[in-house]
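Notes to accompany the following structure.
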Amino acid sequence: MDLIISNANSQPIYEQIFTQIKNGIMSGKLNEGDALPSIRALAKDLRISVITTKRAYDELEKAGYIHTVAAKGCFVAEKNVEVIREERLKEIEEHLKKVSELAADCGLSDGEIVEMYDLIKKEG
Amino acid sequence: MKGLLIKDFDTILKQLRIYLVLIAVMTFLPGFSMLTFAVVYVTMIPMTAIAYDERSKWDKLAAMMPYSAADVVLSKYVLGFLLVLGTGVFACFAQAVVGIFTHTALTGTFFTKLALVICFALVIESIELPVLIRFGVEKGRLLMILFMVLVGVGGATLIENITELLKSTEVRMAVPLAALGAAVVGALSALASIGLYKSKKE
Amino acid sequence: MNAIEIKGLCKSYNDFKLDNIDLVLPSGCIMGLVGENGAGKSTTIKLIMDAIKRDAGEVLVLGADNRSREFLSLKEDIGVVLDEAYFPEVLNARNVNSIMKNTYKNWNEKQFSEFLTRFSLPLKKQFKDYSRGMKMKLAMAVALSHDPKLLILDEATSGLDPMVRDEILDIFNDFTRDENHSVLLSSHIVSDLEKICDYIAFIHRGKLLFCKEKDRLLEEYGIVRMTKADFEGVPEEAVKGKKVTGFGVEALVLRDSVSSAFTVERAGIEDIILYIAKGDK
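Chains as they are written, first to last, in our numbering: chain A, 1 to 124; chain B, 1001 to 1202; chain C, 2001 to 2281.
Here it is in structure tokens:
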């Protein structure tokens, strides 16, 4: 798992970790049951404070993304990932429905929509 | 305490080597006065160890290590006593070797004198160490030199002539008494030194 | 168990007073003690190790009162690097190894030798020929080679070049991978402390002005620059220190208490300390 911490921007470090791990879980890079590095190991590898990684993990646990197993460590939580993924899929469906409506409105073909999508992916 | 002794011996090693050459020459010379001088001179060597300690502020570092005040102080006593005893043993050896060439054996008188000189040197150290601990080496050095000139030479000369001055029974008693005296003075001195060392703590 | 617990610590000298210090170093953490020369950092460290007598207060180190008998054997688990106290100048690294082997129960000769190599310290050179940096590195090697649980360093990185300082900070980082290992580090090089500390304790003229989590400090404080007129609009409680120049006002503020209309810049630990120290006049 890659975590990039930036000192320059004003987002607190624990938030950066929280966001990146959350995104990793949401995007499927981190799967349920995957073990996360220990709070201490993560802090030392990133050269940041243990207090901060603990805070990030605490927030992730509160939000239901991860859970701690005593003496074993932190793991990506199960149900929640599925639920969130479901939600995301629903969201994407909604967006796609909208896209198809709008496309119909201005006469864009399916092929042209796919082209636009490829362009966006390349730029992003 | 072993670590402290190793430190002190490593620190004075150079002095010790020079000193060994000096006393080797001295003790091989006939006559006893050189020997006395050697045993008494060795009492000055702990001063060098203490001086190096002061230069590097070693005591501050030692306070951080698992050494008690007693360990630090007593190690200097052990150092001093080992040096005196070592010199005494070396003296016996040296005289024995000389004796081979002069066809004289070591006499009881020699051992008596040697034992007394050793006790005397130990008492000098018992006075020297508290002074150095209390005043440090700079000020202590002057005091010690004065002391050595007055007492050291005087006492040593006394001992050399001891057998002429005392009757035989008294001579026999002299060594055990001197040993006891040196031990008592040594113990009292050590206790005082530990107290002085502790009182230096800010 | 906390590595260090200090309550109400006081010490008076003729011209200086360490006044009522309360400090806790939790196990597994690195705390930076920062302050100007003469602020009281070294005094605090000496008091922690009972190298000088405290006038008042409680000091617990690794769970034991530092005046108890137990403390003497706890020193086996404490590695200390001081600013100006060393081994006698005629000794060399090899001598130090023999001495320490007979001083600490857990002396690790192999580890010491590895540190000597890593720090490029010659075995047989006498300390009188050592540079200040070399002396520091040797002291560090000694402190790390007897399996300590707590490291205490007094200005140990001053006088070292940036590469070496960085390496030493790495060593502290690795040292605290074990949650039972803690570090107390005093320095006036704030940038070093900002890199690795979990907590920052600021001592100024004998008083502890704050002891806080480093990341919280960086999150909570910020710097604003504005005209004197605009500055009137900033609530007083939000301002923790300020500089008034001919061109306006520069102030250290609590981010949360300042309206988002103002641009708040990042405040580094050194900034925070300078502003707060000024405010203390």
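Ideal Cβ positions, reconstructed from N, Cα and C, are used throughout, including at glycine.
Keep in mind that this is a model prediction, so the values were computed, not measured.
The alpha carbon of L1116 of chain B has as its nearest neighbour, out of B:L1150, B:S1056 and B:A1183, the alpha carbon of B:A1183.
Secondary structure note for C1119 of chain B: its alpha helix (DSSP H) is the uninterrupted segment G1108 to F1147. Listed along chain B is no residue with a C-beta nearer than 9 Å to that of Y2199 of chain C; the closest approach is about 22 Å. Within chain C, not a single residue places a beta-carbon under 8 Å from that of S1075 of chain B; the smallest gap is close to 11 Å.
Inter-residue distance for Y2104 of chain C and I2272 of chain C is about 41 Å (C-alpha atoms, whole angstroms). Note on the segment 5-64 of chain A: there is no whole beta strand (DSSP E) run with a minimum of 3 residues. Of the residues C:E2089, C:Y2086, C:A2064 and C:F2087, the one whose Cα lies closest to the Cα of I2078 of chain C is C:A2064. By the criterion of a C-beta distance shorter than 6 Å, K2135 of chain C is surrounded in its chain by Y2086, once the five residues flanking it on both sides are discounted. Ranking C:V2034, C:P2026 and C:L2193 by CA distance to the CA of V2061 of chain C puts C:P2026 first. Only residues of its own chain outside the window of five on either side were considered, and among them A2064 have a CB closer than 6 Å to the CB of E2070 of chain C, listed in chain order. Near chain B, meaning a CB-to-CB distance below 7 Å, the residues of the segment 2072-2086 of chain C are L2072, S2073, K2075, E2076, V2080, L2082, E2084, A2085 and Y2086. DSSP, read as helix, strand or coil, puts I1012 of chain B in helix. Near chain C, meaning a CB-to-CB distance below 9 Å, the residues of the segment 24-44 of chain A are R40, A41, A43 and K44. Note on geometry: alpha-carbon atoms of F2247 of chain C and T2227 of chain C lie some 7 Å from one another. Shown here for L3 of chain A: same chain residues with a beta carbon closer than 7 Å to its own, the five before and five after excluded, namely I17, Q20 and L46 in chain order.
Assignment of A2261 of chain C by DSSP, reduced to helix, strand and coil, places it in the coil class. Against chain B, the beta carbon of A2003 of chain C has no neighbour under 9 Å; the closest one sits roughly 16 Å away.
Residue pairing by DSSP places C2211 of chain C opposite C:A2201 in a beta bridge. The segment 1091-1103 of chain B makes no contact with the segment 1125-1145 of chain B; the number of CB pairs closer than 8 Å stays below 3. For Y1019 of chain B, the nearest beta carbon of chain C is not closer than 9 Å to its own beta carbon.
Excluding sequence positions up to five before and after T2157 of chain C, its CB lies within less than 7 Å of the CB of R2165, I2168, S2187, I2189 and D2192, all in the same chain and listed in chain order. If you look at S2191 of chain C, you'll find it isn't in any beta strand (DSSP E); it sits in the alpha helix (DSSP H) that goes V2190 to I2196.
Excluding its 5 nearest sequence neighbours in each direction, R2205 of chain C has C-beta neighbours in its own chain below 7 Å: A2039, listed in chain order. Spanning the alpha carbons of G2268 of chain C and K2195 of chain C requires a straight line of approximately 11 Å. According to the DSSP secondary-structure assignment, G2241 of chain C is paired through a beta bridge with C:L2252. M1001 of chain B places its beta carbon 9 Å or farther from that of L1132 of chain B. Taking 9 Å as the cut-off, the Cβ atoms of L1085 of chain B and I1124 of chain B do not count as close.
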